[in-house]
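First the structure, in the form of structure tokens, and then the observations on it.
There are 2 protein chains.
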Amino acid sequence: MAMNTDYARTLLKQHGLTITEPRVFVLSLLRKFDTPMSINDIMEKSKHTIALSTLYRVLADLSHAKIVTTFSSPNQKLLVELLDEEREHHHHLYCESCEKVFDVSLGEELEGMIEKLISKIGETHQIDIQEHSFEMYGSCNNTGQHSLRRN
Amino acid sequence: MAMNTDYARTLLKQHGLTITEPRVFVLSLLRKFDTPMSINDIMEKSKHTIALSTLYRVLADLSHAKIVTTFSSPNQKLLVELLDEEREHHHHLYCESCEKVFDVSLGEELEGMIEKLISKIGETHQIDIQEHSFEMYGSCNNTGQHSLRRN
DNA sequence: TTTAAGAATGGGAATCATTCTCATTTAATG
DNA sequence: CATTAAATGAGAATGATTCCCATTCTTAAA
Numbered sequence: 001m002a003m004n005t006d007y008a009r010t011l012l013k014q015h016g017l018t019i020t021e022p023r024v025f026v027l028s029l030l031r032k033f034d035t036p037m038s039i040n041d042i043m044e045k046s047k048h049t050i051a052l053s054t055l056y057r058v059l060a061d062l063s064h065a066k067i068v069t070t071f072s073s074p075n076q077k078l079l080v081e082l083l084d085e086e087r088e089h090h091h092h093l094y095c096e097s098c099e100k101v102f103d104v105s106l107g108e109e110l111e112g113m114i115e116k117l118i119s120k121i122g123e124t125h126q127i128d129i130q131e132h133s134f135e136m137y138g139s140c141n142n143t144g145q146h147s148l149r150r151n
Numbered sequence: 152m153a154m155n156t157d158y159a160r161t162l163l164k165q166h167g168l169t170i171t172e173p174r175v176f177v178l179s180l181l182r183k184f185d186t187p188m189s190i191n192d193i194m195e196k197s198k199h200t201i202a203l204s205t206l207y208r209v210l211a212d213l214s215h216a217k218i219v220t221t222f223s224s225p226n227q228k229l230l231v232e233l234l235d236e237e238r239e240h241h242h243h244l245y246c247e248s249c250e251k252v253f254d255v256s257l258g259e260e261l262e263g264m265i266e267k268l269i270s271k272i273g274e275t276h277q278i279d280i281q282e283h284s285f286e287m288y289g290s291c292n293n294t295g296q297h298s299l300r301r302n
């Protein structure tokens with residue numbers, strides 16, 4: 001899997017993280033597929049050349065540096081996604097039959113309303129609300145069958 | 152902890168579930184505190200007289216019967232909440248410093264917009280969206296923590 | 001370039017939540 | 001109260017994540 005590693009190296013440097021093989025691999029992979037990936041996805045793609053414990057540490061580091069975000073799917077699997085500057089604020093739609101995750105943007109109007117609502121709710125509860133997530137769960141017409149793992 | 156068990160017994164009967172001590176205890180407890188509770192909360196309140204495996208089974212049963220709902224807090228802890236008919240559709244606000252969970256209603260107008268938006272998104276992605284969740288995360292003072300820990 | 005010091009890694013053990021197994025107990029029915 | 005299926009308790013098994021530590025790699029300075 002020959003990948004261009006410049007993207008990853010630059011990103012790491014920009015965030016003051018040392019450039020190591022596992023970090024570069026993970027970032028390049030996330031960039032290549034440009035979709036949320038699970039621990040297992042990444043392990044498989046690396047052909048298990050990265051230690052599992054290292055992968056967790058790498059994701060924690062990238063997450064703290066705000067290079068990626070992590071969240072969990074309805075079946076509690078950890079998913080990781082790049083957090084580009086250009087990538088706009090979005091939410092997730094899970095298909096529980098084909099097990100895909102789709103990025104969804106709500107659009108300015110609704111996001112604006114939500115923001116306003118959130119600050120009102122924050123005041124009411126005396127809580128500084130830093131984040132919110134909106135997730136949707138559904139199923140496509142692939143009746144209950146899991147799709148073969150995609151590349 | 153003397154509790155009135157009529158509520159629980161009636162509820163179980165209504166849903167065709169057998170009336171057993173662990174089920175009655177859990178439902179009475181949820182009713183008494185009327186707030187989302189974790190596995191540990193319930194175990195502590197029961198003074199560990201309920202077996203842990205039983206508690207998981209009871210929650211699974213109650214959940215399938217739609218007597219309760221389960222969801223997880225940002226630190227991946229399972230939370231359980233009663234699902235009354237009267238209890239209106241609501242969302243959750245997590246305070247990550249005091250670790251409380253608040254029920255929040257968005258109000259008719261916004262919920263309506265969201266519903267409309269959801270059906271549009273569903274069409275776009277050819278997915279039948281059955282559920283959605285909207286969650287807010289904040290803190291009442293300033294200490295936060297992520298699910299991926301790194302010291 | 002070489003090197004020293006700190007940072008990151010690999011591998012495996014430890015931990016934690018959840019599920020499973022099975023022998024025993026209990027609830028519902030008549 | 002006897003029968004039968006369902007539920008429970010206890011602990012083992014599983015699976016995900018974190019921890020520990022000896023070894024290796026990165027970086028920055030010499």
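If you read the protein sequences in the order shown, they are chains A and B. Take the first sequence: its letter number 8 is residue 8 in the working numbering, and every next letter is one higher. Convert by adding 151 to the 1-based position in the second sequence; the result is the number in the working numbering. The beta-carbon is built from N, C-alpha and C at its ideal position, and this holds for glycine as well. As the structure is a computational prediction, the values presented were derived from the model and not from experiment.
Under 9 Å between C-beta atoms of residue i and residue j
i, j, result
"A:I50", "A:V80", "no"
"A:S133", "B:F285", "yes"
"B:G273", "A:M136", "yes"
"B:S189", "B:S224", "yes"
"B:T205", "B:V175", "no"
"A:S105", "A:H89", "yes"
"A:L117", "B:G258", "yes"
"A:I114", "B:L261", "yes"
"B:H170", "A:L93", "Note that residue 170 of chain B corresponds to Ile in the displayed sequence, not to His. Their beta carbons are not under 9 Å apart, which means B:I170 does not touch A:L93 by this criterion."
Chain B within 9 Å of residue i, Cβ atoms only
i, result
"A:N75", "no"
"A:L17", "no"
"A:S53", "no"
"A:N141", "yes"
"A:D128", "yes"
"A:G209", "Given that chain A is displayed from residue 1 to residue 151, the structure contains no residue 209 of chain A and the question cannot be resolved."
"A:S72", "yes"
"A:L12", "no"
"A:L106", "yes"
"A:M136", "yes"
"A:L29", "no"
Contacts around residue i, its chain only, beta-carbon distance under 6 Å, and the 5 residues preceding and following it disregarded
i, result
"B:D212", "none"
"A:P36", "L79, E81 and V101"
"B:E237", "none"
CB contact below 9 Å: residue i versus chain A
i, result
"B:V231", "no"
"B:S284", "yes"
"B:F184", "no"
"B:L244", "yes"
"B:L234", "no"
"B:H276", "yes"
CA nearest to the CA of residue i, picked from the options
i, options, result
"A:S119", "B:K271, B:G289 and B:K267", "B:G289"
"B:L163", "B:L234, B:E195 and B:N226", "B:L234"
"B:V209", "B:K228, B:L181 and B:T186", "B:L181"
"B:Y158", "B:S179, B:E260 and B:K251", "B:S179"
"B:T221", "A:I19, A:N75 and A:K32", "A:N75"
"A:M43", "A:Y56, A:E85, A:Q14 and A:E115", "A:Y56"
"A:M3", "A:S46, A:H92 and A:T18", "A:S46"
"A:H48", "A:Q14, A:E131 and A:P22", "A:P22"
Nonlocal neighbours in the same chain, by C-beta distance under 8 Å from residue i, ignoring five residues either side
i, result
"B:C291", "C246, S248 and C249"
"B:H242", "D254, V255, S256, L257, S284, F285, E286 and M287"
Contact set for residue i: own chain, Cβ-Cβ below 7 Å, skip 5 residues either direction
i, result
"A:L78", "S38, I39, T70 and S72"
"B:R160", "I170 and V175"
Proximity test, residue i beta-carbon vs the ligand ATP heavy atom, cut-off 8 Å
i, result
"A:L62", "Within the structure as shown, the ligand ATP is missing, as the structure has no ligands at all."
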